[in-house]
Each structure stands twice: as structure tokens, then as C-alpha cells.
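Enquirer: Mind having a look at this structure? Questions to follow.
In the working numbering, the protein residues as written are 1147 to 1891.
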């Protein structure tokens, strides 16, 4: 079927090229008309933190919008001095006038800290908790009436906050800003990372020029990738106008789209060039190339998409969205490789080697180096396999100390205002102030008869939480409603309490605190009271991070098992070999595990962190290993399919298993190395990005491809096939009868 498709596209190349150009223009017009923007919305269904968010959204709509923090600091004197206090208050008044602001706290406000009841009479103790004892540092919390819907909106809010702070800055007060609004509205300057795609593309051009020695041959994969990724980007922009798409989705899509499209096109063009060298005419060569290399491309793309779409098993919407978007880029790359590449080859015809850069008689399939390496592995298969395995195991060892957490403003460029704000709060109000917890309480129906019992439950809850280990302070319960003279029957249906820990959000002790509150402190405090413990949800950003990590750890084994099992079955169907399918699955896991180990060593331990522009060490972002597994398992299947299909082709022709490994490896080694170098160049171009998450993904994928190609595909796989040549192609007859066959060549 693909052979016929290739011949059709080559023969009707004008029509196919026009269709792709029309799709490009149409997608561009749609993107202009429906210009959406990515939005990061983290939710973890079925967890307490999500229940707290839902309750907050329903019962406290004015408090569930985006937030910002304004920090004031004086070097001499105090904020409470008359002039300074007037300047701060003028700033707060200006902030209240910003459209969309629902509430603004004051650093000078007396906050109720405890309440006791003496024969029904309340006694309230207050304290100034948003200003330091010496009065030199204070902060105000700003809440907007809606969540952030776009980067432009956040930028506008941040600009207005800066303008509103002029009275304070003119009075000599240092004003810094933090919070979600500032993070979205004042991102780190992209620097060279703004041109990541173009840098990766430029390096790919150079690699292809060296590989092909021809500007015309190079232009086919590059042109196809540019068209494919541009269309995917336009369509994603349209999608963002109607659906929530996380910001990592388009970034990962750009990485994958460029890398796989160039690689897929490279394999097809390489096969086409070799067939032309054998004397085949254009249409025959295109058809044959698509029928062989194109089939492997289709198989590899399906494997990548299955792994990415399988992220739905993790059960976290954000990760599922990112996986689907990235899979969309891969599908577009596959379609372009299977239709646009044959059309371009048909249009180029006999000029495929035109624009010679290097005068050489061989292309990417040159077998000299590959043949020597294949011969060395055949002679020293035990040594090569053993050394590769030992290196992989050593690289995997750091995984044992992997810890998870989301980056915060303390992990970014110190020149940014949100980092300065974060540090000031950390140093003056404790590390927990930057990651406070929220107790969301779903109250029972309150009447005059049970009011005292509910208040008693509140007091017990606050006392117990305040006395828990690693808790710095707890606010009084804040109800969503209360009786007034105009409506004496109004009763609260929910309440919230802020819990400030003594530890930082990413400290393991914060996880222990959340678990202790949920499992011990709250149930014991509310036992036998008017408020059931099951109605109290521990939330806040720190709790969300913890719940996301726990959810990923819980679901990851299921996801890995599903992907590995699917890949194993696909390889069985394709190569009819238990040994090949089994070793491929195991080696893929070893390769990914080694990449995880390097990630831990660099980002957690700080090894060579300066070389990649990492400001400080930080825990591994919870969803990065999952995304890496999805991408890398699929990509490693690419190289496995291209390598094993060529080895099997020679085995079927000769019947000699060891000779088939030597010949197959020597034939495809150069192409696989070139393809991996291109993929690494694309991934590495995203490492300079100041966003720790993007940097982590780009670096992780770069290292993973390097490990997979050098230690696994070019060493461990051929060595293992040479060690047990008789087992290579063993396949039970009963399994052969029931398992469908898939041709990848």
C-alpha cells in the first residue's frame, strides 16, 4: 500500500505539493483568526487538593482567582514610619483600583490569630503577621476575581501592579512582586532560547550536508520538517482558543516535530538515494523506498503516538493534554514524511544529488565505519555487551535518590523580581510562607441549635493544627457567609484556614506534614464534633504538588507496564522473535533508567549544572520522567525497528544469524547515528531555555538519545544478538499461528 502511495505522490507531485501549501496557508489563516494561548491548569482528580480547589471555586469565587504578592522593604527606618506607611497605603489604594482586583491585604493589618470562648463570649487575639518585628519588610496579598486566561492578561496585570507601586518606590521603598500573576506576566528573558527551533534546524542542516554531501538532498528533510512543524504550530494555536493546552505541549511538540520529521524523512531519502545508485528510476525508487523505509516510519510513528496517548492512563489532565498535543505533531510529521517527501523526490527527479558540497562516492549508507564496528562487536561481543551494561547500571544508580517537586520562584534567575520577592519572604517570614497550605472545610447545615458545637469544632481544629509538628501558624477559620442585620438567617456553608509550615514547599518534611494533617491531626481533632473530618480538605499549591507526585508514582507502574507490553506485542508481530522483542523491551527500560540517573545527577546533585545554565539545584519535576518515558520509549522503538528490520532482512536472505547482525549493523549504523545526531541537536537547542521544566525536558531527551544510540542500539543490542545467534529468531509455532503479522520492510 505504501509503495503505491509513494508512486502516486511522486507521479502527481505538483498536486501533492499544492495540497500541502494550501494546508499551510489555511492553518495560518485559521491561527490568525483563532489566536489562542497556552494555559497551565493543574488538577489532580480524586485527591484532597482538588476537592479543596473545587470547594474554593464554588463557595469562595472571589478568592479563587489568580494571586500576586507585593513585598515592601526599606534599608533604614521602618515601613511603619509615617511617610513610609503613607506611601505603602497609597500603593495599596492604587492596586485596589486595578480592574479585576477583588481583594488586597495590608502589611499593617492586625490578623486574628486565636479565639477562645468563655461562656459564649469570644476572646480574639490578634497580631501583625505580614510585617517583620523591626518593620523593615512587609507584604500584601492581591487576589484577582478570575484565573489567568492568557499571558497577555497576566502581563497587563503585572504592568498595572508596577505602575500602582510608584508612590512606594518614589518614597525610597524597594518593591518586588511575586505570585502566579507575576510568574505568567514577567517570564525570564528567553535569551538565545527564543531561537531554539532555528538553532536546532541550523545544526540539522549542517549534519545533513555532511551526511548527504548534497544541498538538494539536505533540503528535502529540512523543508518537510519546516512545513510539518509550522502547520502543527498553527493548528495548536487554533486548538488553544477552544481548549486548555499546557504551555509545555507546544514546546514538546516543537522538539518532537522537528526531530522525528527530519529523522523520518532522512530514512526515506537515504533509502531512495541508495536505490537510485542501484539504477532504479525515480518512480520505482520512490515507491520502493516508501514500501520499505516508509513502512518502518509508519510503525515507529505509531509506537511514539501510542506511548504519548497512553499518558491518559496516568489520570492527570495536564499530562494527558501535553501527550495528545505532542502526538499531534508526530502524526503531522509522519504524514509529511509519507506524502510530501515522495512528492518532493518526484519533483527533484534525477537532481537528488545536486548542489554537491563534498565530492564523495558514498552517502549516509556508507558501510566502512559501520562494517569495522560491526566486525569488532562480532569478535568482542562479550566485552562490548558487558562494558555497555556496566555503564548503564552505573548511570541508573542515582535514580535511587530521585526526589520530586515543582520549581518555585526560588529556582529562577535572581535578577527577576519574583525571585527577589520569594527570597525576601523566605528570609523574613520563614520558608513556609511561600508555600502555605489551605484547609477547605465543607460545613454541615448550621442552625441556632448547633452553632456552638460548630464553633467548638473550629477551636479544636485550629488548636490541633497549630500544635502539629512543622506548623508555624494557623489562621482562624474564615467563613464564606455570616449573619448580618440585613440577613440574620445567613449562615456559612464553608470555611477556609491558612496553615503556614515551618519548612519550604519542596522539603520532604512538607510531604510528611500534609500526610500527618490528613491522616492523624484533623481526624483526631474533629472526632465526635459537629464537623466530620472527611469534610476538611488539605489543599494549596504545596498539597497539589504532593498529590500530583503521589498520583504519578501510583499510576506510573501501570503506564510503564502497558507501554512495554504493547511494544513487546508489536515487536513480536513485526519480527516474529521472542528474543528480539524481549531484549528490546528490557534494553529500552535500561536506556530510559540511565537517562533518569543523569537527570538526577545534574539537576538534583548539581553536577555540571553551570554548563547548562542551571541557577540552582532543584528536584525533578514530577511529570518530566513520565513525559520522557513516553517520548523515549517511542523514539527508541524507531532505532530498534530500523536496525532489526535490516538485520532480519539479511537473515532471511542468508540464514546466517551472526552474519546478518554484522551486515545489518554495518548497513544502517551511519544512518542511525546521523538521525540521532539530528535529534540530539534539536533537543539540545532547548536546554538554554530559562524555564527549569523546559530545560529539564530538553536536557533529559538529549542525554537519553545519546545513551540509547551509543550504548544500546550500537553496542548492547548487536552484542546480545551475537551472543545467542540461535535464539535470535526463535518463535513458537502456536504463537505464530495466532499472532497477526506486521511488515516493517
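Each residue gets a CB set at the ideal place from its N, CA and C atoms; glycine is no exception.
Every value quoted in this text rests on a predicted model; they were computed, and no experiment measured them.
So who's on the other strand from residue 1619, going by DSSP bridges?
Expert: 1646.
Enquirer: How about the region 1348–1358 and the region 1594–1614: do they share at least three Cβ pairs that are nearer than 8 Å?
Expert: No contact exists between the region 1348–1358 and the region 1594–1614.
Enquirer: DSSP three-state label for residue 1640, please.
Expert: Residue 1640 falls in the strand class under three-state DSSP.
Enquirer: Looking at the strands, I want to know which residues DSSP matches up with residue 1525.
Expert: The partner list for residue 1525 (beta bridge, DSSP) is empty, contrary to what the question assumes.
Enquirer: Just verifying my parser: in three-state terms, what is the DSSP assignment at residue 1277?
Expert: Strand at residue 1277.
Enquirer: Report yes if the CB atom of residue 1865 is closer than 8 Å to the CB atom of residue 1462, and no otherwise.
Expert: No.
Enquirer: Where does residue 1269 fall in DSSP's three states?
Expert: Its pLDDT being 47, under 50, residue 1269 is placed unreliably by the model, and the measurement read from it follows with that caveat. Residue 1269: strand per DSSP, three-state reduction.
Enquirer: Please state the DSSP three-state secondary structure of residue 1389.
Expert: Residue 1389 falls in the coil class under three-state DSSP.
Enquirer: Under 6 Å Cβ to Cβ from residue 1194, same chain only, skipping five residues before and after it: list those, please.
Expert: Answer for residue 1194: 1683 and 1684, listed in chain order.
Enquirer: Let me make sure I understand the geometry here. Which of 1467, 1310, 1659 and 1787 has the alpha-carbon closest to that of residue 1720?
Expert: Minimum Cα distance to residue 1720 is reached at 1787.
Enquirer: Taking a contact to mean a Cβ-Cβ separation below 8 Å, would you say residue 1781 touches residue 1851 in this structure?
Expert: Taking 8 Å as the Cβ cut-off, residue 1781 and residue 1851 qualify as a contacting pair.
Enquirer: Flag this pair as touching only if the region 1762–1770 and the region 1834–1853 have three or more C-beta atom pairs under 8 Å; answer yes or no.
Expert: Flag = yes, the region 1762–1770 and the region 1834–1853 touch.
Enquirer: Of the choices 1373, 1751, 1405 and 1304, whose alpha-carbon is the least far from that of residue 1764?
Expert: Of 1373, 1751, 1405 and 1304, the residue nearest in Cα terms is 1751.
Enquirer: DSSP three-state call for residue 1706: helix, strand or coil?
Expert: The answer is helix: DSSP assigns residue 1706 an H, G or I state.
Enquirer: Is DSSP giving residue 1715 helix, strand or coil here?
Expert: Note: residue 1715 maps to helix in three-state DSSP.
Enquirer: Of the residues 1745, 1831, 1186 and 1650, which one's Cα is nearest the Cα of residue 1400?
Expert: For the residues 1745, 1831, 1186 and 1650, the minimum Cα distance to residue 1400 belongs to 1831.
Enquirer: So residue 1490 and residue 1375 are supposed to be a Cβ contact under 8 Å. How far apart are they, rounded?
Expert: With a Cβ gap of about 16 Å, residue 1490 and residue 1375 do not count as contacting.
Enquirer: By DSSP, does residue 1206 sit in helix, in strand, or in coil?
Expert: It is coil, neither helix nor strand.
Enquirer: Nearest by alpha-carbon distance to residue 1231: which of 1318, 1302 and 1300 is it?
Expert: The shortest C-alpha separation from residue 1231 is found at 1318.
Enquirer: Count the other CB atoms, across all protein chains shown, that sit within 10 Å of the CB of residue 1159; report buried if there are 16 or more and exposed otherwise.
Expert: By the 10 Å Cβ count, residue 1159 comes out buried.
Enquirer: Following the continuous alpha helix (DSSP H) through residue 1190, name the residue where it begins and the one where it ends.
Expert: Run containing residue 1190: none; DSSP gives neither H nor E here.
Enquirer: Among the residues of its own chain, which have a CB less than 8 Å from the CB of residue 1614, if the five just before and after it don't count?
Expert: Excluding sequence neighbours, residue 1614 sits near 1659, 1662, 1663 and 1667.
Enquirer: Closest by CA to residue 1958, which one among 1632, 1742, 1715 and 1466?
Expert: The chain is shown from 1147 up to 1891; residue 1958 falls before or after that span and cannot be answered.
Enquirer: Compute the beta-carbon to beta-carbon distance between residue 1217 and residue 1567, rounded to the nearest angstrom, for a pair I have assumed lies under 8 Å.
Expert: Between residue 1567 and residue 1217 the Cβ distance is about 5 Å, and since that is below 8 Å, they are a contact.
Enquirer: Please classify residue 1763: does DSSP put it in a helix, a strand, or coil?
Expert: It is coil, neither helix nor strand.
Enquirer: With residue 1495 and residue 1428 assumed to form a contact (beta carbons below 8 Å), what rounded beta-carbon distance in angstroms separates them?
Expert: Sure, about 5 Å apart at Cβ, within 8 Å.
Enquirer: Identify every residue that forms a DSSP beta bridge with residue 1286.
Expert: For residue 1286, which the question treats as bridged, DSSP gives the partners 1216.
Enquirer: How would you write the range of the alpha helix (DSSP H) that residue 1454 sits in, first residue to last?
Expert: Taken as a continuous stretch (DSSP letters only), the alpha helix (DSSP H) holding residue 1454 covers 1428–1455.
Enquirer: Using a Cβ-Cβ cutoff of less than 7 Å, which residues in the same chain neighbour residue 1814 once the five nearest sequence positions on both sides are dropped?
Expert: Excluding sequence neighbours, residue 1814 sits near 1788, 1789 and 1792.
Enquirer: Buried or exposed: residue 1389, going by 16 or more other Cβ atoms within 10 Å of its Cβ?
Expert: Exposed is the call here.
Enquirer: Quick check on residue 1322: does DSSP put it in helix, strand or coil?
Expert: The answer is strand: DSSP assigns residue 1322 an E or B state.
Enquirer: By the DSSP assignment, the beta strand (DSSP E) with residue 1588 in it spans what residues?
Expert: That run of the beta strand (DSSP E) goes 1583–1588.
Enquirer: Name the DSSP bridge partner or partners of residue 1625?
Expert: The partner list for residue 1625 (beta bridge, DSSP) reads 1641.
Enquirer: Quick check: the Cα distance between residue 1553 and residue 1423, rounded to an integer number of angstroms?
Expert: Each residue's alpha carbon lies about 53 Å from the other.
Enquirer: If we count Cβ pairs, one from each stretch, closer than 8 Å, do we get three or more for the region 1235–1255 versus the region 1668–1682?
Expert: They do not touch, by the three-pair rule.
Enquirer: Which residues in the same chain as residue 1453 place their Cβ atom closer than 6 Å to its Cβ, once the five residues preceding and following it in sequence are excluded?
Expert: 1709, 1776, 1779 and 1780.
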